[in-house]
Each structure stands twice: as structure tokens, then as C-alpha cells.
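To start, the structure itself, in C-alpha cells.
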Amino acid sequence: MLRKGGLTVQLQRIPDMPELHQMLSQALEKRGKVASATWRVPNKSVQFVLEVMCPLKGGDPHWNMYYEYSARREQVFNYSSCDVLLVYNLVVSSCNDILGATQATQKIQSTTGNNKLNASMPKPRTEMPAQTNHDLQPAVTASSLMKATELTRRDYSNSGNTSSVAATSLVPPSGDIAHMPVPKLLQTIATAGATGKLDARNTEQTIVVFFKNGLPVDATAPDTVGDDALIELISWRQGQFNFEPRVLRHSHTVHHSVDKLVAQSKQYSDQLRQLEDSGMHPLSTFAPVAEMDEMDFIHKLSRGTPTDMGTLGRFFRSLSGKQNLDELCRTMGHSRIMTVHIVHHLVKNGAVRLHNGNQPAAVQAEPPPLMVQPRQLDGAAIQAVMMSLRRLDTGMFLYPAFLYFLEQEFFRTYRSRSALSVIVFEVRFVPVGGTGKPQMLPGPAALDAVLRISQLKRHQDLLAHYDTYDYALLLPNTKAAGAQTFANRVIKVLTASPLAGGIDASQLTISLGCASIPEDCTDLTVLLGAADLAMQQSRQLKQPLVMFRDIKHRSTLNGGTITL
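Numbering (the working numbering), first residue to last: 4 to 567.
This is how it looks when you write it as C-alpha cells:
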């Protein structure tokens, strides 16, 4: 087991499920710090390092795995998930891949005597290697998961340029601005020539930027658009971002180059910091130092003015000593960036002074805030309950657990008058050269499929076993159109590359049926019956996906059972 002291431990073998739970608990207790575990293979030639870090401001834990071989260190995977079982399966399969490649390299060295092979470690193979360690169970390969992750970033409906898709994969899909500053992120997007949408958030606002071939073309912030919105984003030092590739809005509001915007953002940040060093805080107000006639005003403030003198004069005359920076933005109609430029110019030249004592009486008389003491959550207990509801070999929820969560979601949907969709599906394969009935997927291929779908679904979506051999997806707050889009993405990600074990798309038979509340029905039992019927039609018609709404006009409800 893991030692209780510290966040770094040395293990004798691959970490098991309880040890991964303990690592996650340590990371949750000390957000922003990395909990890591290291272990070596029996012959000591390869060392593995597994790290987990929970972001300070929430979100899924980030898992990173590396291996060290012949004085080199290479990353195996970077995976964000709170699902310890999926992480465990990924660790096991990755170790199998690398150990198999290591043994192959050592065998070649022993037979050929070519010492140059020691210079580099073979990359993990797409095929499952032979069993190399009795502690390691076969599972999906790391390389196949990386391919599936890359495929989720593509726009399948309009994807024809494989080189641009490969370049887009260089851009991280999400991250923390504290770890990847915005200028570096913009440079990465430009280098990749990526097209897509960047969604950035901090504690105060959200800024959305659209890129075309690596260049920003449209930016929107709560109080401004275009260049000023991008300048505001570049000045951020904290926040999170998400990048969705191959999404473009056909509007053009950004006109300056990134280099020029970065320079303007630096000027904006410097001026804002100087004002803060002068004592400005969110409630500070601004008042003229003295009355000035027009000639004195022009003589004193015309040099280096951030705007024309007419605008600067109107701004100066509007100052009453009762408006803070945000209120001046609203009343004067300027962006926050321009307002900071003007205020900084007026303060710097001695025309305006800061007031920090004119706070409203209600604010001054307000009692000190009550201190909330965060209550620690027992992450191990939560994980233990979740593990009891799932199958260890696949990581999916059991069928009774699916029914329980479905009923709870149905009640929430009823109260909030929102939408709910269910997808039931089966995945079978025909062995190479076989002509018989399609068979169940073997274990490694099934786990590969689970990991690919898990990369696609949202955190609130639920993947579970359905009946004996089928599967189900619960999609809260999702209408039929959204469920259809997601179902098509599931089909594409399962068929885009061979599943673990070399099962090609030509060998697969996939049948998905989808039904939704309230578009198709309003009763929970009818919802499941409608999804079942749609999956049967998918199988009979040999169509990968059938929506119940497409066959609804040919269906009847008889005694609680939907029949054709």
C-alpha cells in the first residue's frame, strides 16, 4: 500500500485499485500538488512514473504516466478523468505495451549485437503484445486510446484534410492558463494552423475566440468584442480554457496581428498594475483635481493621449468622484481597456485623483462575512460506493445501477421540464474468414470501445451494461437532435481505427437505437421500449443508427408495449 507520508511513493509493482484511490484522495486533499507513484519492471530496465493532480479551481483530475528507459523519459499518456477504474485499465495496458516493446528491443540487441538500438525506446504498438507479466491483465493499448482521443477532436461531417487534423491535435483540448499562458497558447494554435473555438473562463467572465488556420478572426467578451476582447484575454494570469477544433463562426472582428495584440495587452496590464500600485481597488472612484480651462487641459494632457481630445474632455467632465472603473465603462460606453488607458493618462498627468473613502454607507456598515469552513469529503468512500455499482473488467455501470440513475434523472427531468435521451446499442464482430453469427467482443476490444466512448461523453453522461450483452448510454438534458449527433460520433470513433486485438471496422456490426423524453414519449417504461424497438430496427435494417422519432409514425402503443 502507499505510504501515508508525502505525495511521492515507491512501489514494487504496478499500483492496484486501492492505491490509485489513495493517490486520488491525496491529490484531492492537496489541490494543485502532484501525487506520484513509481515502480520498476522485474529486470529493473524500465521505470514507470504515474502522476495525478487536481486543479485548484475544480475539474477532473489530470493523470500523467511516463516511462524511463536507457536514460530517456517519455510520456505514455495524459488523461483527465475521475474514473479510477478506467485509469487503472489504461495503466495496465500501457505497461503491457511498453514491456512488450522493451523485450523485443532487448531480443534484437542480443541477436544482432547492435548497441545503437539502446539509443531509443520503441514506441508502444497498436497491436496487443503477448502477456509479459502475470500481474498485468490484457487491456486496450495506450496507442489506440491516443488515436481515439485525437479522433474526438475532428469534425467528421466536414473532414477531408488529414494534415490539418493532425496539426490541430497539437493544440491541448483543455488546460489551466496558469500553466499555459495565453500568449503561448496562441502561439501553439498559430503553429498548428488550427481552426476552432477557444473558450476561456476565469472567476469573473468568459471570453470566446474563433480561429481560422491558426489566426484569431473573432473574439467576444461580456463588455467588448474584437481586438479589445483578445487583449483582455491575453492579460489574464488565471483561468481555464477549452479548445474545440474545426468550429468556425463567420464573422471578422479581430483585425490586428497576435504580436501587436500581445504588445497592447502588455501595455494594458502595466497601466492597470500602476493604477493598483497607486491604491486603486474595485470600489475606488475618480475625481478631477481642479477645474481647468480648455487651453490648460490641452496643454497638460494632449501629449500621449490614448484617444482624441474631444473624447478625453468629455470623459474628464463626466467624472463626479462617485463612479468606480466598472461604472465608468458602462456610463461612458468605452471598453474596459480604453477606460483603463484614459484613467491612467489622467492620473499620470495629475488631472485626476483616486478616492477610496466614498464607499456607500451600507457597505461600510456591513458586518464582517461569516467564515465557511470547508468540510472534507471522503473520496475513498465515494469511490468505494461507485465501484460497487460497476463491473471491474469493463468499468461500466451494472444494469440495475443504470435503471436507478435513469429513474432519478427522469424525476429531475419531470421537475425541471428538460429533456432526457437514452441510447441502447450492441457491438458485435465476425472473426476474419468467418461467415457465422456475429460474436461478442473479446475483453481487450470491449475495453478499447469503453475508453473511446468515455472520451466522447460528458461527465454527467452514464455508460452502462444493458440486459446481458448490450450497452446503454444515459444522456441527461439532451434532446433527440443532440443524442443523434452524439450517437453518430460514437459510431465514427468505434470504426475509425481497429479495436484492440486488430478487430477492423469491416468486421464490426453496430446497432444503436435512441429515444428521448419528452419528444418521443413521457413515460419511463415507454422510453426504454422505444429505444429497444429502435435498436431492433437498426439490426434488421442493417443501419448503424435508428432514431425512434423516424419510426414513430409506424409504431403503436398496445398494453404498455410498443409494436410495429
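Idealized CB from N, CA, C, for every residue including glycine.
Distance between residue j and residue i (C-alpha atoms, nearest Å)
i	j	result
LEU233	GLY532	50 Å
VAL228	ALA195	25 Å
LYS36	ASN99	28 Å
ILE17	VAL79	15 Å
VAL49	LEU23	20 Å
MET335	ARG76	56 Å
ALA448	PHE489	21 Å
GLN15	VAL52	12 Å
MET374	SER96	46 Å
ASN205	SER177	14 Å
GLN13	ARG34	21 Å
ILE494	GLN458	13 Å
ARG333	HIS255	24 Å
LEU497	GLN442	16 Å
PHE400	GLY382	19 Å
PHE428	LEU465	14 Å
MET56	PHE318	48 Å
LEU515	ARG455	16 Å
THR198	VAL433	39 Å
CYS524	ASP473	22 Å
ILE2	ILE101	Given a span of 4 to 567 for the chain in the structure shown, any question on residue 2 remains unanswerable.
TYR82	THR528	37 Å
GLN274	ALA224	20 Å
LEU476	GLN190	38 Å
THR314	GLN487	53 Å
SER291	SER321	Looking at the sequence shown, residue 291 is not Ser but Pro. Whole-angstrom Cα-Cα distance: 9 Å.
TRP239	ILE210	11 Å
ILE513	ILE340	54 Å
One or two residues paired with residue i in a DSSP bridge
i	result
TYR474	PHE428 and HIS468
ASN67	GLU54 and ASN81
ASP221	PHE213
ASP179	GLN243
ILE506	LEU502
PRO479	LEU423
ARG552	BP columns for ARG552 are empty, so no partner.
MET595	The question about residue 595 has no answer, for the chain in this structure spans 4 to 567.
GLN13	THR41
TYR72	VAL49 and ARG75
DSSP-derived helix/strand/coil call for residue i
i	result
GLN243	strand
PRO18	coil
LYS187	helix
THR155	Confidence in THR155 is poor, its pLDDT being 36 and thus under 50, which makes the residue's placement too unreliable to answer from.
LEU511	strand
ARG571	Absent from the structure is residue 571, since the part of the chain shown begins at 4 and ends at 567.
VAL49	strand
LYS119	Per-residue confidence for LYS119 stands at a pLDDT of 44, beneath the threshold of 50, marking its modelled position as unreliable; the derived number appears in the next sentence. Helix, per DSSP.
ARG34	coil
GLN208	coil
LEU59	coil
LEU23	helix
GLY103	helix
ASP262	helix
Residue interval of the alpha helix (DSSP H) (run including residue i)
i	result
PRO447	446 to 459
GLY485	483 to 498
ASP329	328 to 335
THR314	312 to 321
LEU233	230 to 237
Limits of the beta strand (DSSP E) - the one that residue i falls within
i	result
VAL573	Because the chain is modelled from 4 through 567, residue 573 falls outside the range shown and cannot be assessed.
GLY199	199 to 204
Check: residue i C-beta below 7 Å from any heavy atom of the ligand ATP
i	result
LYS200	You won't find the ligand ATP in this model; it holds no ligand whatsoever.
Item to complete: May I have a chain-ordered list of the beta strand (DSSP E) segments no shorter than 3 residues that lie completely inside the region 267 to 305?
Response: Assignment of beta strand (DSSP E) within the region 267 to 305, counting only whole runs of 3 or more residues, yields 288 to 291 in chain order.
Practice prompt. Jot down the residue ranges of each uninterrupted alpha helix (DSSP H) in the region 513 to 549, minimum 4 residues, whole runs only, in chain order.
Written response: 527 to 544
Worksheet item: Mind pulling the alpha helix (DSSP H) runs of 4 or more residues that sit fully within the region 341 to 407?
Response: If we require 4 residues or more, the alpha helix (DSSP H) runs fully inside the region 341 to 407 come out as 364 to 368 and 382 to 391.
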